[in-house]
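Peer 1: For the sequence shown, the positions run 2 to 266 when the numbering used here is used. Beta carbons: idealized from backbone N, C-alpha and C, even for Gly.
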Amino acid sequence: MTNHWGRVVSLAVIGVLVGFFSGLFGVGGGIILVPMLVGWLGFDQRRASGTSLAAILPTAVSGMITYAMQGSVDWIAGACLAIGAIGGSLLGTWLLSRIRQDILRWIFIAFIVLVAVRMFFLVPNRAVELQFDLGEVVALLAVGFVTGTLSGLLGIGGGVVVVPSLMLLFGVGDVVAKGTSLLMMIPTSLTGTIANVRRGNSDLRAALVIGCLSVPASIGGATLAGVLPPLLSSVLFGLLLLYSAAQLGRQALRARQVRRPVPAP
């Protein structure tokens, strides 16, 4: 009984932390949630990823609604990104067993670090709005497709790619970028969760506890994001990117140790 309630308390704490950071940064929270599930509760990597995706769904919905109430969601951009991401995730999961992930992972880590450094000096213009033409629609679909492919291959959340892409490539303000990122995650989280449940790769009870506690925390994080100074918001997101790069590097080193042959006695 003690272990049961200890597990529930751990899931509740994880839900609050993940929800707050998800709402604040417009990310799914998987880069934070998965290491917690593995380190705190002993989940294996696959089950942690599946549970994370299920828990992120209510978090993304509540955070997106909060941003939408502030007028900080670009619905057309979010739809384009989601369409691209769904297609990219299918390619990523298909490539998963066909290409080497280690080289791709280190290239992506280097890319994240470069973007993080750029974010430290970026002051986003929150008055900028996207002017949609064919070129921008194609570019948004492409960003979504690349995001979905990387998600399928490396298990990363879309927010660490989409938010800086919207800010750096399209000049979108940080708050709109975060709200639009959460919108994009809703259909991709839903389709991914259905697939994981069918394969038995998701703990729905754990996801329910995390998701319920993450909702109010996500609302609080999204509300705070709207009042942070633009430069501070960019710097904090840059720090999140560096944390993401560190987590990916740790996974890459761990995978290399697993593959390393054991010397004969």
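#1: Quick check on this structure: which residue in V161, T181, R106 has the alpha carbon closest to the alpha carbon of E130?
#2: Could you check where the alpha helix (DSSP H) with G227 kicks off and where it finishes?
#3: Based on Cα-Cα distance, which residue from G72, G153, G64 lies nearest to V19?
#4: Classify F122 as buried or exposed, calling it buried when 16 or more other Cβ atoms lie within 10 Å of its own Cβ.
#5: Could you check whether I220 and T67 sit closer than 8 Å to each other, using their CB atoms as the reference points?
#6: Nearest chain D C-beta to T60 closer than 8 Å, yes or no?
#7: Using a 10 Å radius around the Cβ and a threshold of 16 neighbouring Cβ atoms, would you call L12 buried or exposed?
#8: Relative to the C-alpha of R200, which residue among G27, I32, A207, S50 is closest?
#9: Relative to the C-alpha of A128, which residue among R257, V39, L205, P231 is closest?
#10: Determine the direct distance from the alpha carbon of F22 to that of N4, and round the result to whole angstroms.
#11: So, for V216: in the same chain, excluding its five sequence neighbours on each side, which residues have a beta-carbon less than 6 Å away from its beta-carbon?
Peer 2: On the basis of the data shown:
#1: The option with the nearest alpha carbon to E130 is T181.
#2: Counting along the chain, G227 sits inside no alpha helix (DSSP H), nor does DSSP assign it H or E at all.
#3: V19 has its Cα closest to that of G64, out of G72, G153, G64.
#4: By the neighbour-count rule (16 or more Cβ atoms within 10 Å), F122 is not buried but exposed.
#5: Cβ distance < 8 Å, so T67 and I220 count as in contact.
#6: No chain D is present in this structure, which holds just one protein chain.
#7: By the Cβ-count criterion, L12 is buried, with 16 or more other Cβ atoms from all chains shown falling within 10 Å of its own Cβ.
#8: Out of G27, I32, A207, S50, S50 has the C-alpha closest to the C-alpha of R200.
#9: Of the listed residues, the one whose Cα sits closest to A128 is P231.
#10: Looking at the two C-alpha atoms, the distance is approximately 27 Å.
#11: These residues qualify, in order along the chain: P59, S63.
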